[in-house]
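One structure is given below, encoded as C-alpha cells.
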C-alpha cells in the first residue's frame, strides 16, 4: 500500500463528541486572561480572523539498536496572556526518569523545559540533533507537556479550516499560526526521521491528527519489523487535560502504564496500542469521563514496543502480584478494550463477559458486548442447563390472527413484528420435569404425575400442569413461557398459514389429534414427523395444548377474560390428542384457562430472549 506523505489531519473532526471544555472564541484578539487562567487544564480553542485572500515473535533480543527520546515540559509562557500550568515540567521530568527505567540511556534523552522550550529549539532538536543521531533500526519517544491549541478559520469560500498546534514557550496568542508548532509540520518532521518507530505522546488537549487504528497483527515480531508513526494525545478536541496531585492525569497514568500496568497480557512487552488502550480507560475513569485519550497510527503498520521486562528479571512475577491487587473488573475491561481495538471481537467479548462477572450491572462492558453482537450471528441452537434444546427463530414480520374464525377471540387479522428468540424444539417431557422436581423439592407435581411417569416412556410430554408450574419451570432455567406472538409465529410462519400443512385440513398421519386417529393418546416427540415447522419445532399443532405467557403479549386488542369472581385466565394455544374440531385444530385457535389449575391434555414449552452468551 502506498501511503502519502501528507495526511488529512482533520478527518477525525467528523466524529461527533459531547464534551466539557474551556473554550475561547476570538477574532483577531488576544487570549483573555480572565477567561482562561485555569492552572489545572491544558486546552485552548481559538477561531482566527477569516482570510481575505483566495483559497514481533516475543524473543528476548533487543527490538531496537537504540532508543532515543525528546521530552518537553512548559509551565510558564513568555506571553503572560497564555495561562500557566502547574505540573507540566514535573510531568516531563517524571517521564524522563520512567524512560530511563525502561532502558533508555540518559545520553539519548533530549530534555527541554521552560524558557528553553522555544519553537526554534524544539524544531532544531528534531530536524538537526535527532535526524543526525537516529538510525533506521532505532526507536524514538517524543513527549510534550504544555498547552495545545485548536484553531478554526473560515475562508472566503466558506470552507472551514481546522488546525492543531503545540505552544512552545515563546508562542504569541495573537500569532498562533506563525509562532506555534502545527501538527502538520510536526508530522512532516517525524516522517523525515530515519527511525523505524516513533511514538508521540502529548499531554495537551485537542485532536488534530487523522489517526488510523492500529494493526490487527498483534505478534511482536510483525509490529517490530514494520515502520510506524504512532500518536497518543491526552484528550479529544474540546476536552481539558486535567492536573491533579502533582501530575497531569494523563502523565500519571502514562507512567503507570510504562511501569507494566499497560502490559495487558503480561508478556513483558508494552505496545503502543496496549499503552493507548490502557490510557483511554484509566484516564477516562480517573477524570469521571471528562477526559478520554485518543490514539492511533499516523503512518505504517508497525508499533513502538517497550521491552518492560528487559531490566527487571522478576517482572512477570512482580506484575502478576501487582495485577492481583488491582481491581479485577478493570483488568478484564482494559484487556477487552485492547482486543476490541485490535479487531479481535470474539476474544474481546470474552474479556468483557469476565468483567461483567465482577460487576454484573456495568453499563460500559454490556454496551461493548451489545455492539459486538450487532455484527455477529446468533447461534442456531442453544442448550439449557437441563439439556433442553432450543432453536433460533429469526426476527420477521408475520400475519397474526384470523378474521374468518368461528369466534371473535382470534380477531383481528394483522401484521406483527417479532424479534429474534429461541424456542424449545419439543414440548417439555416427563424426564425434564422429573429432573426439575428433584432440584426443587418444595414444588408440587402436576396432576396424575405418578400415573404419567408409570407409562415407561419419559420422553412423553408432561401434561396436567398448571400455568404457574409451567412458568416456574421455564424461569428456573433462565427462560420463559412463549408469548402469544412467539408461539403463533413459530407455528404459522411469516405467511400466517392456517394449519401446519397450509390451508388443507391435516389427516391422521400429519399430527396427533382425535378424529379417526387410532393412536388417541399422547405421543413421544417425532412420532408425527410432518407436524414440524421449517425451523425444526415439533408438535405445534397437536399432541398436547400449550400454555403461553400472557394474553397481553400478542392480542393487545383482546381484553383478558375474567370470571364472575374476578379471576383472570391465561392463554392456551394449539390442539391435543383429544381435539375433535377442525376449528380448534387451526394454529390461530386460542383458549383460556385458570393459571393455578392443571388440565390433562395441556403441557408447555419454553422460549428465551437471546443473551450475550448466545452469539457466535
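Numbering (the numbering used here), first residue to last: 8 to 623.
Beta carbons: idealized from backbone N, C-alpha and C, even for Gly.
Is residue j closer than 8 Å to residue i when the C-beta atoms are compared?
i: residue 607; j: residue 476; result: no
i: residue 433; j: residue 545; result: yes
i: residue 551; j: residue 580; result: no
i: residue 115; j: residue 73; result: yes
i: residue 521; j: residue 597; result: no
i: residue 300; j: residue 240; result: yes
i: residue 689; j: residue 360; result: Residue 689 lies beyond the residue range present for the chain, which begins at 8 and ends at 623; the question has no answer from this structure.
i: residue 399; j: residue 418; result: no
i: residue 352; j: residue 281; result: no
i: residue 261; j: residue 430; result: no
i: residue 408; j: residue 595; result: yes
i: residue 467; j: residue 531; result: yes
i: residue 146; j: residue 311; result: yes
i: residue 193; j: residue 141; result: no
i: residue 313; j: residue 277; result: yes
i: residue 427; j: residue 490; result: no
i: residue 343; j: residue 366; result: no
Please return the same chain residues whose Cβ sits closer than 7 Å to the Cβ of residue i, not counting the five positions on each side in sequence.
i: residue 626; result: The requested residue 626 does not occur in the structure, where the chain is confined to residues 8 to 623.
i: residue 252; result: Here residue 252 scores only 48 on pLDDT, less than 50, and its place in the model is too uncertain to base an answer on.
i: residue 128; result: 119
i: residue 388; result: 396, 397, 398, 399
i: residue 444; result: 450, 452
i: residue 106; result: 76, 116, 148
i: residue 533; result: 545
i: residue 144; result: 71, 72, 203
By Cβ distance below 6 Å, which residues in the same chain neighbour residue i in space, the five residues on each side in sequence not counted?
i: residue 473; result: 603, 604, 605
i: residue 486; result: 613, 615
i: residue 149; result: 77, 207
i: residue 481; result: 487, 488, 613
i: residue 406; result: 503
i: residue 478; result: 488
i: residue 495; result: 407
i: residue 424; result: 404
i: residue 455; result: 471
i: residue 593; result: 505
i: residue 355; result: 343, 346, 347
i: residue 621; result: 385, 386, 389
i: residue 279; result: 206, 237, 310, 311
Can you give me the Cβ contacts of residue i inside the same chain, cut-off strictly under 8 Å, excluding the 5 residues immediately before and after it?
i: residue 465; result: 436, 437, 438, 441
i: residue 460; result: 437, 441
i: residue 540; result: 497, 498, 500, 507, 547
i: residue 625; result: As shown, the chain starts at 8 and ends at 623. That puts residue 625 outside it, with no answer to give.
i: residue 609; result: 470, 471, 472, 551, 552, 553, 554, 579, 583, 600
i: residue 510; result: 504
i: residue 138; result: 199, 200, 201
i: residue 124; result: 79, 80, 81, 153, 175, 176
i: residue 121; result: 80, 81, 82, 83, 96, 176
i: residue 528; result: 584
i: residue 421; result: 406, 407, 408
Write down the C-beta distance between residue i and residue j rounded to the nearest angstrom, noting that I regard them as a contact closer than 8 Å.
i: residue 599; j: residue 578; result: 6 Å
i: residue 315; j: residue 265; result: 7 Å
i: residue 178; j: residue 98; result: That belief does not hold up - the Cβ atoms of residue 178 and residue 98 are roughly 19 Å apart, past 8 Å.
i: residue 447; j: residue 484; result: That pair is no contact at about 11 Å.
i: residue 538; j: residue 517; result: 6 Å
i: residue 169; j: residue 157; result: 7 Å
i: residue 514; j: residue 549; result: Actually they do not touch by this definition, with Cβ atoms about 12 Å apart.
Is the closest heavy atom of the ligand FMN to the C-beta of residue i under 7 Å?
i: residue 494; result: Within the structure as shown, the ligand FMN is missing, as the structure has no ligands at all.
Check your understanding: Quick one: complete alpha helix (DSSP H) runs, 4+ long, within the segment 439-483?
Key -> Qualifying alpha helix (DSSP H) stretches, in chain order: 456-460, 474-483.
**Study point:** Segments of 3+ residues assigned as beta strand (DSSP E) that fall wholly inside the segment 65-144
**Key:** Taking only runs of at least 3 residues, the beta strand (DSSP E) segments lying wholly in the segment 65-144 are 74-80, 116-120.
Exercise for review: Evaluate contact between the segment 192-205 and the segment 86-96, counting only Cβ atoms and requiring at least three cross-stretch pairs below 8 Å.
Suggested key: Result no; under three Cβ-Cβ pairs closer than 8 Å.
Point to revise | In chain order, each alpha helix (DSSP H) run of at least 4 residues that lies wholly inside the segment 576-611 | key: 589-592, all fully within the segment 576-611.
Practice item. Could you say if the segment 168-175 and the segment 188-196 meet the contact criterion of at least three C-beta pairs nearer than 8 Å? Key: The answer is yes - the segment 188-196 touches the segment 168-175, with three or more Cβ pairs under 8 Å.
Practice item. Take every Cβ of the segment 77-89, pair it with every Cβ of the segment 152-164, and state whether three or more of those distances are shorter than 8 Å. Key: Yes: at least three Cβ pairs fall under 8 Å.
Practice item. Could you pull out every unbroken beta strand (DSSP E) segment of at least 3 residues lying fully inside the segment 138-214, listed in chain order? Key: Listed in chain order, they are 146-152, 155-161, 167-173, 204-212.
Practice item. Could you name each continuous beta strand (DSSP E) segment of 3 residues or more that falls completely within the segment 387-425, going from the start of the chain to the end? Key: Here the runs fully enclosed are 388-390, 396-400, 403-407, 421-425.
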